[in-house]
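Those protein sequences? They're chains A and B, same order as listed. Position one of the first sequence corresponds to residue 344 (our numbering), numbered consecutively onward. Position one of the second sequence corresponds to residue 55 (our numbering), numbered consecutively onward. The structure appears below as structure tokens.
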Amino acid sequence: MAACAAALLVLPLAGTAVASEAHPTLAELEGEVMCPICHTTLDQSNSAAAARIEAFIVRRIRAGDTKSEIKRELVDQFGPAILAEPPKHGFDLLAWLLPIVGILVGGVVLALAAWRWSRRREPELVLAAGGVALPRPLDPELERRLDEELRLFDE
Amino acid sequence: MPKPLKLGAQAVAVAGLAGLFALLIWKITHRPRPVKVGAAAPAFDLQRLDGNGRLALASWNGHVRVVNFWATWCGPCKSESPALQRLWEQYRTRGVVFIGVDSTDVASDARRFVRKHGLTYPMVRDRDGSVGNLYDLTGVPETFVVDRHGRLVEHFAGPIDLRDNDRAFKRAVDRALQS
């Protein structure tokens with residue numbers, strides 16, 4: 344039942360992705376392609392260089408190229424830096440993996456810190472005769488010093 | 055947290071910081087130095103625009119070279135192209151080589167530009183602008199005059215114009231020819 348519900352939720356998204364791959368629009372590619380002169384995505388740039396790349400993308404869309412084909416052609420024309428997203432292979436894969444690793448490591452560190460903090464805050468109890476839990480008695484030396492301080496305070 | 059685990063975590067954190075610091079130092083020390091007149095012209099070896107092999111700056115060592123960076127999306131590049139073609143025709147008989155470097159452009163657009171403006175000197179493609187970065191370009195067009203020994207003699211930011219900087223350009227090329 345749950346699997347069916349999940350499939351119903353995912354199917355429209357998958358359909359959109361397939362449509363986007365087969366029939367890309369300039370608007371969606373503008374956000375995924377960089378202007379090599381201004382170092383922003385095309386949709387953020389008004390430069391002549393960006394306009395020239397947009398015209399190239401429009402020509403390729405009209406020619407019936409898929410999104411992946413257009414991106415490949417752009418990389419062939421301008422190099423891999425033309426894509427806003429780093430490639431998912433080789434050294435560039437680190438750009439995808441490091442944030443995930445960072446989040447995982449951060450989560451583990453936070454969990455350890457929370458566990459340690461909660462253990463410190465728990466009152467240390469000992470079982471007295473009859474099964475009653477009492478606070479752990481103070482160290483005799485510490486108790487002596489505390490009594491002395493309190494006595495001095497009273498004087 | 056157990057002591058060995060704590061020490062290990064601290065060591066990893068210190069190593070990470072040291073790595074980031076080393077990366078910062080590497081980036082600072084490996085930053086390309088701005089090109090200066092009198093210094094060696096940055097070398098390049100780029101694909102020819104017509105697709106027929108590659109062309110390296112060093113392949114014309116012993117010749118004076120005029121390296122012109124341009125792009126199809128640049129208005130002043132269109133206006134300077136007749137002047138550059140005329141100067142090329144004038145200087146090629148004296149052993150001067152003009153090299154057009156098409157920067158961050160669609161190759162088919164660039165080839166159309168070359169045909170339309172009747173440019174006959176060798177053209178190469180700097181598809182990602184990396185050679186332009188070596189020359190510390192602030193934009194296009196920019197033109198560099200390189201002497202027979204590969205030293206930069208002059209740099210012109212902006213278009214070469216037969217009225218405005220024609221004399222300065224010719225003086226620079228003559229100076230390079232005498233080197």
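Note that CB positions come from ideal geometry on N, CA and C, so glycine has one too.
Short CB-CB distance (under 7 Å) between residue i and chain A
i: residue 218 of chain B; result: no
i: residue 73 of chain B; result: no
i: residue 158 of chain B; result: yes
i: residue 182 of chain B; result: yes
Continuous alpha helix (DSSP H) stretch holding residue i: start and end
i: residue 180 of chain B; result: Premise fails: residue 180 of chain B lies in the beta strand (DSSP E), 177-180, not in any alpha helix (DSSP H).
i: residue 369 of chain A; result: 369-373
i: residue 200 of chain B; result: Run containing residue 200 of chain B: none in the alpha helix (DSSP H); it sits in the beta strand (DSSP E), 196-200.
i: residue 226 of chain B; result: 220-232
i: residue 69 of chain B; result: 57-83
i: residue 486 of chain A; result: 483-497
i: residue 170 of chain B; result: 161-170
i: residue 89 of chain B; result: Segment: none, residue 89 of chain B is in no alpha helix (DSSP H) and carries neither H nor E.
i: residue 188 of chain B; result: 184-188
7 Å Cβ cutoff, residue i in contact with chain B
i: residue 480 of chain A; result: no
i: residue 399 of chain A; result: yes
i: residue 462 of chain A; result: no
i: residue 395 of chain A; result: yes
N- and C-terminal bounds of the beta strand (DSSP E) containing residue i
i: residue 157 of chain B; result: 150-157
i: residue 207 of chain B; result: 206-211
Beta-carbon neighbours of residue i, restricted to chain A and to distances below 9 Å
i: residue 230 of chain B; result: None at all; the shortest Cβ gap to chain A is about 30 Å.
i: residue 163 of chain B; result: 395, 398, 399
Per-residue contacts from residue i into chain B (C-beta, under 8 Å)
i: residue 457 of chain A; result: Those within 8 Å of residue 457 of chain A in chain B number zero; the least Cβ separation is about 12 Å.
Partner residues on chain A for residue i, Cβ-Cβ distance less than 7 Å
i: residue 222 of chain B; result: Simply none; closest approach about 27 Å.
Proximity test, residue i beta-carbon vs the ligand ADP heavy atom, cut-off 6 Å
i: residue 380 of chain A; result: Inclusion of the ligand ADP in the displayed structure is not the case, the ligand content being empty and no account of it being possible.
Next on the checklist: Please list, in chain order, the residues of the segment 410-442 of chain A that have any C-beta partner in chain B closer than 7 Å.
Outcome noted: Under the 7 Å Cβ criterion, the segment 410-442 of chain A contributes 420, 421, 422, 424.
Item to check | Residue ranges of each beta strand (DSSP E) within the segment 93-144 of chain B, 3 or longer | outcome: For the beta strand (DSSP E) assignment, the uninterrupted runs of no fewer than 3 residues enclosed by the segment 93-144 of chain B are, from N- to C-terminal side, 99-101, 108-110, 118-124.
Checklist entry - Looking at chain B, which residues of the segment 370-391 of chain A have a Cβ within less than 7 Å of any of its Cβ atoms? => result Answer in chain order: 379, 380, 391.
Checklist entry - For the segment 127-152 of chain B, which residues have a CB atom closer than 9 Å to at least one CB atom of chain A, in sequence order? => result Along the segment 127-152 of chain B, the positions whose C-beta sits under 9 Å from a C-beta of chain A are 127, 128, 129, read in chain order.
Checklist entry - Can you list, in chain order, the stretches of the alpha helix (DSSP H) that have 4 or more residues and sit fully within the segment 372-415 of chain A? => result Entirely contained in the segment 372-415 of chain A, the alpha helix (DSSP H) runs reaching 4 residues are, in chain order, 391-405.
Checklist entry - If you measure beta-carbon to beta-carbon, which residues of the segment 97-129 of chain B are closer than 9 Å to chain A? => result Within the segment 97-129 of chain B, the residues whose Cβ lies closer than 9 Å to some Cβ of chain A are 125, 126, 127, 128, 129, listed in chain order.
Next on the checklist: Give the list of continuous alpha helix (DSSP H) stretches no shorter than 4 residues that lie fully inside the segment 430-464 of chain A.
Outcome noted: With a minimum length of 4 residues, the continuous alpha helix (DSSP H) runs that stay inside the segment 430-464 of chain A are 436-464.
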